[in-house]
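For the sequence shown, this note's numbering assigns the number 84 to the initial residue and increments by one for each residue that follows.
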Amino acid sequence: MGQGHADPEGITDYGIGKAVRSYFLLYLPAGVILLTGIGFLLSVLVFGNMREQWSMHLVMGLFLTSLGTGVGGFIYARKKVNAQVRPQRSGALIWLDKLEKKNIQKQIYCRILPVPEHLTVARGAAVQRSGKAWPCICSSGRHTCSLP
84 MGQGHADPEG ITDYGIGKAV RSYFLLYLPA GVILLTGIGF LLSVLVFGNM REQWSMHLVM
144 GLFLTSLGTG VGGFIYARKK VNAQVRPQRS GALIWLDKLE KKNIQKQIYC RILPVPEHLT
204 VARGAAVQRS GKAWPCICSS GRHTCSLP
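Listed below in structure tokens is the structure:
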């Protein structure tokens, strides 16, 4: 697939709008019309042609329509809509705001002294990417030696 649009919730959208639009404008109306007609005709075949009870045939058609659109909607969502959305790998920094993320990054790259309360988050962020883990591991003794 092509490039997707990532949003802050950690989901990448690969065109879900088009899939949902085509379902509600094409598949759902066609399914409702087709399933209502099929349900009506099946009801006439099963219960006989009772002209005075045409509302019962219509109710049976609508019952088949509700059942069919529920199952069809579930299948369409699993096959088309879910294929258009992919969760991103969430990181240790996902819940931090921009300033906090910068602060943690500076601690990882040893631009500022590590804050003891942030050590767990800094280690988690560093370990998630091997490019960040190396500076964190290699420079861990530097700050210990420079402390008064």
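Every residue, glycine too, gets a C-beta built ideally from N, C-alpha and C.
In this structure, how does DSSP classify Trp178 when only helix, strand and coil are distinguished? Translated into the one-based positions of the sequence shown, residue 178 becomes position 95. Three-state DSSP puts Trp178 in coil, outside helix and strand.
DSSP three-state label for Val71, please. Because the chain is modelled from 84 through 231, residue 71 falls outside the range shown and cannot be assessed.
Local conformation of Arg194 per DSSP, three classes: Walking along the sequence shown from the start, residue 194 turns up at place 111. Arg194 sits in coil when the DSSP states are folded into three classes, being neither helix nor strand.
If you drop the 5 nearest sequence neighbours on each side, which residues of the same chain put their C-beta closer than 6 angstroms to that of Met143? Here the question's residue 143 lines up with position 60 in the sequence shown. When the five nearest sequence neighbours on each side are left out, the beta carbons in the same chain lying within less than 6 angstroms of the beta carbon of Met143 are those of Gly122 and Ser126, in order along the chain.
Mind checking Lys101: buried by the 16 CB within 10 Å criterion, or exposed? In the sequence shown, counting from the first residue as 1, residue 101 sits at position 18. A residue is called buried once 16 or more other Cβ atoms fall within 10 Å of its Cβ, and Lys101, having fewer, is exposed.
Here's the rule: buried if 16 or more other CB atoms are within 10 angstroms of the residue's CB, otherwise exposed. What is Pro197? Start at 1 with the first residue of the sequence shown, and residue 197 comes out as number 114. Flag for Pro197 reads buried.
Element boundaries [alpha helix (DSSP H), containing Leu123]: Along the sequence shown, one-based indexing puts residue 123 at 40. The identity of residue 123 in the sequence shown is Phe, whereas the question assumes Leu. Per DSSP, the unbroken alpha helix (DSSP H) holding Phe123 starts and ends at Leu111 to Phe130.
For Trp137 and Gly156, the rounded distance between their alpha carbons: Here residue 156 corresponds to residue number 73 of the sequence shown, with the count starting at 1. Here residue 137 corresponds to residue number 54 of the sequence shown, with the count starting at 1. Those two C-alpha atoms are separated by around 28 angstroms.
In whole angstroms, what is the alpha-carbon distance linking Ser149 and Asn165? Translated into positions along the sequence shown, residue 149 becomes position 66. Translated into positions along the sequence shown, residue 165 becomes position 82. Looking at the two C-alpha atoms, the distance is approximately 22 angstroms.
For Leu145, I'd like the list of residues in its chain whose CB is within less than 8 angstroms of its CB, leaving aside the five on either flank, ordered along the chain. Reading the sequence shown from its first residue, position 62 is the one you call residue 145. Closer than 8 angstroms at Cβ, skipping near neighbours: Thr119 and Gly122.
With distances taken Cα to Cα, identify the nearest neighbour of Gly98 among Leu202, Lys163 and Gly131. Counted from its first residue, the sequence shown places residue 98 at position 15. Checking every option, the nearest Cα to that of Gly98 belongs to Lys163.
Measuring alpha carbon to alpha carbon, tell me which residue in Gly114, Phe107, Glu200 and Ala205 is nearest Lys185. For the purposes of this step, residue 185 is identified with residue 102 of the sequence shown, where counting begins at 1. For Lys185, the closest C-alpha among the options Gly114, Phe107, Glu200 and Ala205 is that of Ala205.
Give the straight-line distance between the Cα atoms of Cys193 and Ile187, rounded to the nearest whole angstrom. On the sequence shown, residue 193 is found 110 positions in, with the first residue counted as 1. On the sequence shown, residue 187 is found 104 positions in, with the first residue counted as 1. Cα-Cα distance, rounded: 10 angstroms.
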